[in-house]
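Numbering (the numbering used here), first residue to last: 2 to 328. We treat Cβ as the ideally placed atom computed from N, Cα and C, and that holds for glycine.
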Ligand code: SAM
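Set out below in structure tokens:
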């Protein structure tokens, strides 16, 4: 299905929980965010129904995120249900890697092998400082297990000035040693509050570090909907991408909708939620009415993240933690 800017919208990202067992300081305050009670979350039946309807509208890719998706009880059950949906052959997960190890065999059986793993530093102490938890070894163990089981891994690292810029090259080097793609993400200023005057380490700064270190860095063509500008170091097994999440230079090929754990639809990461599909669904509407509502939301998708931010009804300070949005 196309929006009014002729962009094909066929990718949905669903946050299955707003809870997380890490406390990455750029994402959440140290004492967490006020979590939603379970009854407020979309149930697995509701999520599966929404996916069925989105499949009918031409959606083909789903990403489950959170919070930490593996924290939600019986998350594997939702994956089993989704794997049965004809439309969604491309099922992805974004995870911090602390809780997924024991699920690796079943994920493989289900053909769910595309995992984005968040690792912001390869230094144990810096990892601890960023996440406020002591899980570095566990996460690296998960990384190696996923590599050994031939999962298709993208490693996400948020790059922050004065915090982990020294990790850029060591993280990029993982693409040499392993068949993994590495993504560097600009920090966005919302972390359960709003950071005014954020001193950004921009996509341009990250690129400049890469270019200084890799003289033969080549830019790759981007696939439709790819938020990353992609690069290749010759002979490296994986590619390297830079995501201008704050600079927002990729909106013209946006292909996505987001649904928060409590059913708030975001047609752009920077809007403040355009419609609550959970409440609409719980009012007893038909599949056709849900489908029409999604079509309407897609038609009204803003041109870019700047327009979405200007149209917000709530102040920037009310921007949610990424843990409720899903990143
Ligand atoms: N718990 C999972 C994880 O750690 O990947 C999924 C949820 S997490 C909110 C999804 C992604 O959002 C992570 O890669 C995280 O680094 C990113 N993220 C969170 N807050 C961010 C921010 N303020 N700026 C940029 N990326 C952010």
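My output table needs one value for residue i: the three-state DSSP class, helix, strand or coil.
{"i": "residue 128", "result": "helix"}
{"i": "residue 238", "result": "coil"}
{"i": "residue 95", "result": "strand"}
{"i": "residue 210", "result": "helix"}
{"i": "residue 148", "result": "helix"}
{"i": "residue 119", "result": "strand"}
{"i": "residue 342", "result": "Residue numbering for the chain in the displayed model covers 2 to 328; residue 342 lies beyond these limits and cannot be assessed."}
{"i": "residue 182", "result": "strand"}
{"i": "residue 83", "result": "helix"}
{"i": "residue 64", "result": "strand"}
{"i": "residue 9", "result": "strand"}
{"i": "residue 15", "result": "strand"}
{"i": "residue 202", "result": "coil"}
{"i": "residue 290", "result": "helix"}
Spatial neighbours of residue i within its chain, please: C-beta separation below 6 Å, excluding the five flanking residues on both sides.
{"i": "residue 188", "result": "27, 159 and 161"}
{"i": "residue 180", "result": "238 and 239"}
{"i": "residue 177", "result": "237"}
{"i": "residue 233", "result": "219, 221 and 240"}
Once the 5 residues before and after residue i are set aside, which same chain residues still bring their CB inside 8 Å of it?
{"i": "residue 12", "result": "60, 61, 62, 63, 64, 226, 256, 257 and 258"}
{"i": "residue 203", "result": "187, 245, 247 and 248"}
{"i": "residue 282", "result": "47, 50, 51, 264 and 291"}
Rank the options by C-alpha distance to the C-alpha of residue i and give the top, closest one.
{"i": "residue 136", "options": "302, 22 and 284", "result": "22"}
{"i": "residue 51", "options": "321, 308, 327 and 261", "result": "261"}
{"i": "residue 7", "options": "314, 293, 253 and 311", "result": "253"}
{"i": "residue 273", "options": "285, 320, 243 and 296", "result": "320"}
{"i": "residue 207", "options": "167, 266, 196 and 307", "result": "167"}
{"i": "residue 77", "options": "205, 20, 33 and 107", "result": "107"}
{"i": "residue 169", "options": "141, 198 and 122", "result": "122"}
{"i": "residue 193", "options": "316, 56, 228 and 42", "result": "316"}
{"i": "residue 235", "options": "174, 3, 154 and 307", "result": "174"}
{"i": "residue 148", "options": "304, 231 and 182", "result": "182"}
Report all residues from its chain with a CB closer than 7 Å to the CB of residue i; omit the five preceding and five following residues, and keep chain order.
{"i": "residue 132", "result": "23, 24 and 25"}
{"i": "residue 140", "result": "97, 98, 99 and 120"}
Just checking my contact of residue i with residue j at CB under 8 Å: how many whole Å lie between their CB atoms?
{"i": "residue 102", "j": "residue 146", "result": "6 Å"}
{"i": "residue 18", "j": "residue 70", "result": "7 Å"}
{"i": "residue 83", "j": "residue 328", "result": "That belief does not hold up - the Cβ atoms of residue 83 and residue 328 are roughly 19 Å apart, past 8 Å."}
{"i": "residue 115", "j": "residue 93", "result": "5 Å"}
What do you reckon, is the C-beta of residue i under 7 Å from a heavy atom of the ligand GDP?
{"i": "residue 252", "result": "The ligand GDP is not part of the structure shown, which contains the ligand SAM as its ligands."}
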